[in-house]
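Protein chains: 2
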Amino acid sequence: MRESWLMKNRLKVLRAEYNLSQADLATRLEVSRQTVNAIETEKYDPSLPLAFKIASVFDLKIEEIFTP
Amino acid sequence: MRESWLMKNRLKVLRAEYNLSQADLATRLEVSRQTVNAIETEKYDPSLPLAFKIASVFDLKIEEIFTP
DNA sequence: TCCGAATGTAAAGGTTGCTTGTCTTAATGT
DNA sequence: ACATTAAGACAAGCAACCTTTACATTCGGA
Chain A
0 MRESWLMKNR LKVLRAEYNL SQADLATRLE VSRQTVNAIE TEKYDPSLPL AFKIASVFDL
60 KIEEIFTP
Chain B
0 MRESWLMKNR LKVLRAEYNL SQADLATRLE VSRQTVNAIE TEKYDPSLPL AFKIASVFDL
60 KIEEIFTP
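Residue numbers (numbering that gives the first Met the number 0), protein chains in the order written: chain A, 0 to 67; chain B, 0 to 67.
If you want it as structure tokens, here you go:
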């Protein structure tokens with residue numbers, strides 16, 4: 000295992016604000032629902048490109064969504 | 000093979016500004032020299048945690064270093 | 001209560017990120 | 001000429017990210 004200090008994120012809250020299901024968000028991000036779920040429940044971090052996509056969906060900077 | 004739209008980055012320029020070798024930067028980031036080289040020559044994207052580390056070394060936002 | 005939507009979890013498999021090790025080449029200085 | 005440093009490249013191996021498929025659980029509304 001990597002030393003995995005996994006990042007914290009505000010995905011769940013943001014999803015709620017935008018009234019999106021995990022499946023909705025997955026569709027917008029062009030990833031699977033399970034991937035959204037895994038990131039949200041902090042099983043693993045998104046890749047950098049995916050983090051950019053997430054940020055663009057919510058019109059925020061990456062740093063406003065993810066924190067170390 | 001992925002359709003690899005790899006991100007662009009300004010690592011090489013930033014390294015020059017800070018007068019750091021790839022090895023120096025690698026030490027600060029706690030990754031291998033080859034990893035720094037591969038990211039700089041855009042063989043692959045850094046992970047999100049590594050992107051955060053890179054941003055903190057140069058005191059910039061991720062978006063100011065990497066662009067899709 | 002029952003149904004459907006949303007969520008959580010898991011296994012198996014492919015791709016990407018990162019490692020160590022090695023080799024080559026260019027630039028610089030002595 | 002020689003040594004040193006920086007950088008680029010490649011390969012093998014492992015860890016992390018992401019996929020599909022599948023099944024279980026939770027929850028709100030009719």
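Using N, Cα and C, we set each Cβ at its ideal position, and we do this for glycine too. All figures in this text were calculated on a predicted structure; none of them were measured in a lab.
Worksheet item: Taking only beta-carbon atoms, is A:I53 less than 8 Å away from chain B?
Response: Taking the first sequence and counting its residues from 1, the one referred to as residue 53 of chain A is at position 54. False, the Cβ-Cβ gap to chain B never drops below 8 Å.
Worksheet item: Taking 8 Å as the CB-CB cut-off, is A:E62 touching chain B?
Response: Stepping through the first sequence from its first residue, residue 62 of chain A is reached at position 63. Nearest CB-CB separation between A:E62 and chain B: below the 8 Å threshold.
Worksheet item: Would you report the Cα separation of A:T26 and A:P45, rounded to the nearest angstrom?
Response: Numbered from its first residue, the first sequence carries residue 26 of chain A at position 27. Numbered from its first residue, the first sequence carries residue 45 of chain A at position 46. C-alpha separation (whole angstroms): 15 Å.
Worksheet item: Going along the chain, which residues of the region 10-32 of chain B sit with their C-beta nearer than 9 Å to a C-beta in chain A?
Response: Taking 9 Å as the Cβ-Cβ cut-off against chain A, none of the residues of the region 10-32 of chain B qualify.
Item to complete: Kindly indicate if chain A contains any beta-carbon less than 8 Å away from that of B:D58.
Response: Position 59 of the second sequence holds residue 58 of chain B. It does not; no Cβ of chain A falls within 8 Å.
Practice prompt. Assess, as a yes-or-no matter, whether the region 41-55 of chain A is touched by the region 47-62 of chain B under the definition of 3 or more beta carbon pairs within less than 8 Å.
Written response: Yes, the region 47-62 of chain B touches the region 41-55 of chain A.
Fill in: Inter-residue spacing [alpha-carbon to alpha-carbon] between B:W4 and B:L47
As a first step, residue 4 of chain B is located in the second sequence; it is residue number 5 there, counting from the start. As a first step, residue 47 of chain B is located in the second sequence; it is residue number 48 there, counting from the start. Looking at the two C-alpha atoms, the distance is approximately 16 Å.
Worksheet item: Who are the near neighbours of A:P67 in its chain, counting only those whose CB is closer than 6 Å to its CB and skipping five residues on each side?
Response: As a first step, residue 67 of chain A is located in the first sequence; it is residue number 68 there, counting from the start. By the criterion of a C-beta distance shorter than 6 Å, A:P67 is surrounded in its chain by M6, once the five residues flanking it on both sides are discounted.
Discussion item. Please report the distance separating the alpha-carbon of A:Q33 from that of B:T34.
Written reply: Counting from 1 along the first sequence, the entry for residue 33 of chain A is found at position 34. Counting from 1 along the second sequence, the entry for residue 34 of chain B is found at position 35. Going by the C-alpha atoms only, they are around 29 Å apart.
Worksheet item: Count the other CB atoms within 10 Å of the CB of A:N8; is the residue buried (16 or more) or exposed (fewer)?
Response: Residue 8 of chain A sits at position 9 when you count from the first residue of the first sequence. By the neighbour-count rule (16 or more Cβ atoms within 10 Å), A:N8 is buried.
Fill in: Per-residue DSSP class, three states only, for A:N8
In the first sequence, the residue the question calls residue 8 of chain A occupies position 9. Under the three-state reduction of DSSP, A:N8 is assigned to strand.
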